[in-house]
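Quick notes on the structure that follows.
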Amino acid sequence: MAEKINFKNMRKELIQLYEEFLKNPSDESIRRKVIKYELDFGGLSLYNDYLKSQPVPKDIENALSGLSTIYQYGWWKDTNKADAHEVFSNENLITLAKRILEDLKKSK
Numbered sequence: 003m004a005e006k007i008n009f010k011n012m013r014k015e016l017i018q019l020y021e022e023f024l025k026n027p028s029d030e031s032i033r034r035k036v037i038k039y040e041l042d043f044g045g046l047s048l049y050n051d052y053l054k055s056q057p058v059p060k061d062i063e064n065a066l067s068g069l070s071t072i073y074q075y076g077w078w079k080d081t082n083k084a085d086a087h088e089v090f091s092n093e094n095l096i097t098l099a100k101r102i103l104e105d106l107k108k109s110k
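Each number in the numbering used here comes from the position in the sequence shown (counting from 1) with 2 added on.
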């Protein structure tokens, strides 16, 4: 049986997760939470790619995508050396996280 997703609760969870990340981006326990959440729910955003109805709100779709970017390119990886893309610098990840958090809070 299909499970119904409560986007209002998901938005609250994402807000909390982004706030925790912004308070301490290098915290390993937050990294694990980010990874788990993205693995559990990250695939939801694909529904918007396939369904005309666009069932996943845009702010949540962006937040899920942002989690993936944060855990793949964040502080816990050595991506901020000269050979890394500037797009994934720590400063840009913080800017991205702040923008996503702001969008989530606006949509509450």
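Just so you know, even glycine gets a beta-carbon here, dropped at the ideal spot from N, CA and C.
Since the model is a prediction, treat every value here as computed from it, not as a measurement.
With distances taken Cα to Cα, identify the nearest neighbour of residue i among the options.
i	options	result
phenylalanine 43	Asn92, Ile7, Phe23	Ile7
isoleucine 72	Phe9, Leu19, Lys10, Met12	Leu19
proline 57	Ile102, Leu46, Ile37	Leu46
glutamate 63	Glu21, Leu103, Glu5	Leu103
serine 109	Ala65, Asn92, Asn94, Ser91	Ala65
Is residue i helix, strand or coil when you go by DSSP?
i	result
asparagine 50	helix
isoleucine 7	coil
serine 109	coil
CA-CA distance, residue i and residue j?
i	j	result
tyrosine 75	glutamate 30	14 Å
isoleucine 96	serine 55	31 Å
serine 67	lysine 35	15 Å
Taking 8 Å as the threshold (C-beta atoms), are residue j and residue i in contact?
i	j	result
alanine 99	phenylalanine 9	no
leucine 69	tyrosine 49	no
leucine 106	arginine 13	yes
Can you say whether residue i is buried or exposed, counting buried as having 16 or more other CB atoms within 10 angstroms of its CB?
i	result
leucine 16	buried
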